[in-house]
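Inspection log for the structure reproduced underneath, given as structure tokens.
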Amino acid sequence: MKYNTKKKITQSLAFILFRVLSVVVVGILGCILGFILIRGAAAINWEFLTSYPTDGMTKGGIYPAIIGTLYLTIGAMIFAFPVGLLSGIYLNEYAGKAWLVRFIRMMTNNLSGIPSIVFGLFGMALFVNYLSFGDSIIAGSLTLGLMVLPIVIRTTEEALKQIDDTFRHGSLALGATKLQTTVRVVLPMAFPNIITGLILSIGRVSGETAPIMFTAVAYFLPQLPSSIFDQIMALPYHLYVISTSGTDIEASRTIAYGTAFVLISIVLILNLLANALRRYFGKKVKMG
């Protein structure tokens with residue numbers, strides 16, 4: 149009896165601790181978002197969102213930086229998501245448990261821990277210099293895609309592992325091939341959870357500064373790119389530059405907070421769209 153009472157007290161204390169920590173985390177996040185919202189809302193207007201920067205970025209808007217950020221994010225996902233998805237499918241469904249597979253998984257985990265600035269230097273050496281892409285959208289997108297590739301691979305693997313093997317065995321018993329089973333049975337059931345990797349990747353890609361600093365962005369470029377081999381502006385680098393190199397301190401701070409507000413809003417909108425996509429595929433799985 150005493151043991152059960154002690155166990156219930158310990159469990160209650162643990163739950164209280166978890167709730168307090170959750171409230172603290174949400175509170176910290178709320179403080180950060182509230183601070184950016186209050187400081188940045190004053191700078192937000194239609195002209196700020198749709199005009200080009202002027203006077204060394206101390207005046208004007210951030211339209212080219214918004215478009216550049218979207219280009220880089222979409223470009224990175226176009227590369228990372230298909231490659232990561234196919235890699236995760238191969239590792240979980242076809243590769244088995246050989247030593248090579250364990251080595252690939254270990255290297256993938258190590259790759260996810262490499263600092264982003266190292267990816268920037270690698271992207272500059274490979275895409276900018278060796279492949280002669282120059283500072284461009286494609287060089288920046290490929291660099292960012294490589295950086296988030298481990299996230300997509302690991303989330304794809306984990307999503308596929310959650311599918312019970314009885315579904316695979318039932319499909320094979322009905323005469324389906326391994327490929328048909330993977331594409332028509334396993335993948336649709338796992339896809340809602342695979343979208344998690346897409347959401348995490350979008351969040352990381354949208355706010356990275358170091359990789360694109362070496363591969364894609366320009367300090368001041370008041371025009372839109374005409375091809376994937378052009379330089380661009382991007383919100384994270386734009387925020388960094390005007391926060392550290394502005395000539396008019398007060399104006400630079402106002403634009404910096406406004407830029408931070410827009411960047412957070414874009415990340416939030418992209419995440420909401422990805423979550424909506426996840427719910428859509430989740431409903432299709434339940435209906436099926």
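Our numbering numbers the first residue of the sequence shown as 149 and each following residue consecutively.
Glycine included, every Cβ here is placed at the ideal spot set by N, Cα and C.
Using a Cβ-Cβ cut-off of 7 Å (strictly less than) and excluding sequence neighbours within five positions of residue i, which residues of its own chain qualify?
| i | result |
| --- | --- |
| residue 267 | 291, 294, 295, 359 |
| residue 195 | 209 |
Tell whether a beta-carbon distance below 7 Å holds between residue i and residue j.
| i | j | result |
| --- | --- | --- |
| residue 305 | residue 239 | yes |
| residue 227 | residue 284 | no |
| residue 372 | residue 215 | yes |
| residue 188 | residue 199 | no |
| residue 415 | residue 351 | yes |
| residue 111 | residue 329 | Residue numbering for the chain in the displayed model covers 149 to 436; residue 111 lies beyond these limits and cannot be assessed. |
| residue 357 | residue 336 | no |
| residue 197 | residue 288 | no |
| residue 353 | residue 224 | yes |
| residue 334 | residue 311 | yes |
| residue 342 | residue 232 | no |
Whose CA, out of the options, lies closest to the CA of residue i?
| i | options | result |
| --- | --- | --- |
| residue 257 | 297, 348, 222 | 297 |
| residue 237 | 303, 419, 413, 156 | 303 |
| residue 408 | 342, 198, 425, 355 | 355 |
| residue 388 | 213, 348, 333, 374 | 213 |
| residue 347 | 299, 374, 309 | 299 |
| residue 340 | 390, 427, 171 | 427 |
| residue 308 | 345, 158, 261 | 345 |
Leaving aside the five residues before and after residue i along the sequence, list all residues of the same chain whose C-beta is less than 8 Å from its C-beta, in chain order.
| i | result |
| --- | --- |
| residue 369 | 212, 379, 380, 381 |
| residue 430 | 340 |
| residue 181 | 412 |
Excluding the 5 residues preceding and the 5 following residue i in the sequence, name in chain order all residues of the same chain whose CB lies nearer than 6 Å to its CB.
| i | result |
| --- | --- |
| residue 338 | 307, 308, 311 |
- Count the CB pairs spanning the stretch 403-415 and the stretch 235-253 that are closer than 8 Å, and state whether there are at least three. no
- Let me know the alpha helix (DSSP H) ranges lying completely inside the stretch 313-396, each 4 residues or longer, listed in chain order. 313-321, 326-329, 335-355, 358-363, 383-392
- the stretch 315-334 contacting the stretch 260-275, beta-carbon criterion three pairs below 8 Å: no
- Query: Which ranges would you report for the beta strand (DSSP E) in the stretch 237-318 if only whole runs of at least 3 residues count?
  - Reply: none
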